[in-house]
Each structure stands twice: as structure tokens, then as C-alpha cells.
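Accompanying notes for the structure given below.
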Amino acid sequence: MNAIVTVLGQDKVGIIAAVCNRLASYNVNILDISQTILQGAFTMVMAVDVSASTAAFGELGKALNALGDEMGLSIRIQREEIFDAMHSI
């Protein structure tokens, strides 16, 4: 199953590394990454494959939320089909 991870917050060193390391710790494969910084605001969207994850989807979401809290960021994960439905006209 594929999912979409979104990361929003003030830019700082190590955001990409921290998110990628957390995903790797759960055996989540990163398929694609898009990130930008606009006037100090960091935004990243990642397509990931969670089919081999060592954690349930809800647990993975909680782990990413906790990382976001630690770093002062908003980090969310959604199933790809839900993300697509929310962002289509």
C-alpha cells in the first residue's frame, strides 16, 4: 500500500534526514520526494510504500506525529487513495 507523508514547518537543519530515518526504522520505502522552502517555510511531500512496514499504519502515524512534535513540525501520513480523493476536483 502506498501513502503520502506531508511535512510542514519552519526550515531547520536535518528535517529530511530525521523523517527519512524514522521511516527507514519502520522499513518504509520512499518512492518520491518533493520539497521546497519559501521564505523560511519548509514543505515536503513524500510518496512512500508501507506494504513492508514493521508497524501498523496507525502506529506509524503516531511515530511521525511524535517526531513532528519533537522538531516543531507538522508531519502527517495518509493512505494514497484518501489523499488523492481529498485533492481532486
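Quick note on my numbering: the sequence shown kicks off at 1020 and runs consecutively.
Beta carbons are placed, not taken as given, at the ideal position from N, Cα and C, and that holds for glycine.
Range covered by the alpha helix (DSSP H) that runs through residue i
i, result
"L1086", "F1076 to M1090"
Residue i, DSSP secondary structure in three states
i, result
"S1044", "helix"
"A1071", "coil"
Opening and closing residue of the beta strand (DSSP E) in which residue i lies
i, result
"Q1058", "That residue, Q1058, is in no beta strand (DSSP E); it is neither H nor E in DSSP."
"A1022", "N1021 to Q1029"
Top-ranked residue by Cα proximity to residue i, from the options
i, options, result
"A1082", "M1020, Q1029, L1050 and A1037", "A1037"
"A1066", "M1090, A1075 and C1039", "C1039"
"Q1029", "I1101, S1072, R1095 and L1057", "L1057"
"D1068", "A1074, I1035 and L1050", "L1050"
Neighbourhood of residue i by C-beta, 7 Å cutoff - its chain only, sequence neighbours within 5 removed
i, result
"S1070", "M1020"
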